[in-house]
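Since the structure comes first, as structure tokens, the remarks are kept for the end.
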Amino acid sequence: QWGIDIRVQFRNSDEMKRLTSSYQSGGEKSVSTILYLLSLQGLTECPFRVVDEINQGMDPRNERKVFEMMASVATISGTSQYFLITPKLLPALDYNDKMNILGIFNGEGLEENDKDDLDQSFAHDRVIERVRFRNTQMTQSQAG
Numbered sequence: 385q386w387g388i389d390i391r392v393q394f395r396n397s398d399e400m401k402r403l404t405s406s407y408q409s410g411g412e413k414s415v416s417t418i419l420y421l422l423s424l425q426g427l428t429e430c431p432f433r434v435v436d437e438i439n440q441g442m443d444p445r446n447e448r449k450v451f452e453m454m455a456s457v458a459t460i461s462g463t464s465q466y467f468l469i470t471p472k473l474l475p476a477l478d479y480n481d482k483m484n485i486l487g488i489f490n491g492e493g494l495e496e497n498d499k500d501d502l503d504q505s506f507a508h509d510r511v512i513e514r515v516r517f518r519n520t521q522m523t524q525s526q527a528g
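This is the structure in structure tokens:
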């Protein structure tokens, strides 16, 4: 049987341990997964890569480090495009000049007066567009 055995160590006081679904925290598994995927960047070719909510469960320190590493690797000339899909980003992230950000805001109760709060999340000159959607529910008569 073939498989990949990844060993990780997150604390100096710990020994290297096998990455499992039960031992490490969700954030530790996320950090391990994205670092493994980034390490494959030079070995595999594909036009783009999609990373969905990889930062969920990470503490702010690791989230910032992983984002910076992703930005560094993803903006090397000749590599794949990266699409990071996430419901949250830390404030004051360092965006590379080769990055473009598209902020899409959607949610129940998203009102016009929330605009300033949302814009603060992406208060950076690299933002190419801010798109806001408001959830609407169609009644039976509207649906036709």
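Going by the numbering used here, the residue at position 57 of the sequence shown is 441; the numbering climbs one at a time, nothing skipped. Every residue gets a Cβ at the ideal spot worked out from N, C-alpha and C, and that includes glycine.
Handout entry: Alpha-carbon to alpha-carbon, residue 460 and residue 431
Key = Here residue 431 corresponds to residue number 47 of the sequence shown, with the count starting at 1. Here residue 460 corresponds to residue number 76 of the sequence shown, with the count starting at 1. Whole-angstrom Cα-Cα distance: 13 Å.
Practice task
Grab the span of the beta strand (DSSP E) containing residue 466 for me, first residue to last.
Solution key: What you label residue 466 is simply residue 82 of the sequence shown in a count that begins at 1. 465-469 is the extent of the beta strand (DSSP E) around residue 466.
Practice task
Identify whether residue 401 lies in helix, strand or coil by the three-state DSSP scheme.
Solution key: For the purposes of this step, residue 401 is identified with residue 17 of the sequence shown, where counting begins at 1. In the structure shown, residue 401 sits in a strand (DSSP, three-state: E or B).
Handout entry: Burial state of residue 486 (16 or more Cβ within 10 Å)
Key = As a position in the sequence shown, residue 486 is number 102, starting the count at 1. Residue 486 should be labelled exposed.
Exercise for the section: Measure the CB-CB distance between residue 440 and residue 414 and report whether it falls below 8 Å. Expected result: The residue given as residue 440 occupies position 56 in the sequence shown. The residue given as residue 414 occupies position 30 in the sequence shown. For the pair residue 440 and residue 414, the CB atoms are nearer than the 8 Å cut-off.
Practice task
Given a cut-off of 8 Å, decide if residue 391 and residue 403 are closer than it, judged by their beta-carbon atoms.
Solution key: For this step, residue 403 is matched to residue 19 along the sequence shown. For this step, residue 391 is matched to residue 7 along the sequence shown. In terms of Cβ geometry, residue 403 and residue 391 form a close pair [threshold 8 Å].
Exercise for the section: Excluding the 5 residues preceding and the 5 following residue 466 in the sequence, name in chain order all residues of the same chain whose CB lies nearer than 6 Å to its CB. Expected result: The sequence position of residue 466 within the sequence shown is 82, counting from 1. Excluding sequence neighbours, residue 466 sits near 433 and 458.
Practice task
Run the CB neighbour count on residue 497, radius 10 Å, all protein chains shown included, and call it buried at 16 or more, exposed below.
Solution key: The residue labelled residue 497 in the question sits at position 113 within the sequence shown. Any reading at residue 497 must be qualified, since the residue scores a pLDDT of 49, below 50, and its modelled position is unreliable; no value is offered.
Problem - Length of the line joining the Cα atoms of residue 469 and residue 421 - result: For the purposes of this step, residue 469 is taken as residue 85 along the sequence shown, with counting starting at 1. For the purposes of this step, residue 421 is taken as residue 37 along the sequence shown, with counting starting at 1. The C-alpha of residue 421 is placed about 16 Å away from the C-alpha of residue 469.
Handout entry: Member of 401, 424 and 387 whose CA lies at the smallest distance from the CA of residue 463
Key = As a position in the sequence shown, residue 463 is number 79, starting the count at 1. Restricting attention to 401, 424 and 387, the CA atom closest to the CA of residue 463 is found in 424.
Handout entry: Range covered by the beta strand (DSSP E) that runs through residue 433
Key = Numbered from 1 along the sequence shown, position 49 holds the residue referred to as residue 433. Annotation: the continuous beta strand (DSSP E) that includes residue 433 extends over 432-436.
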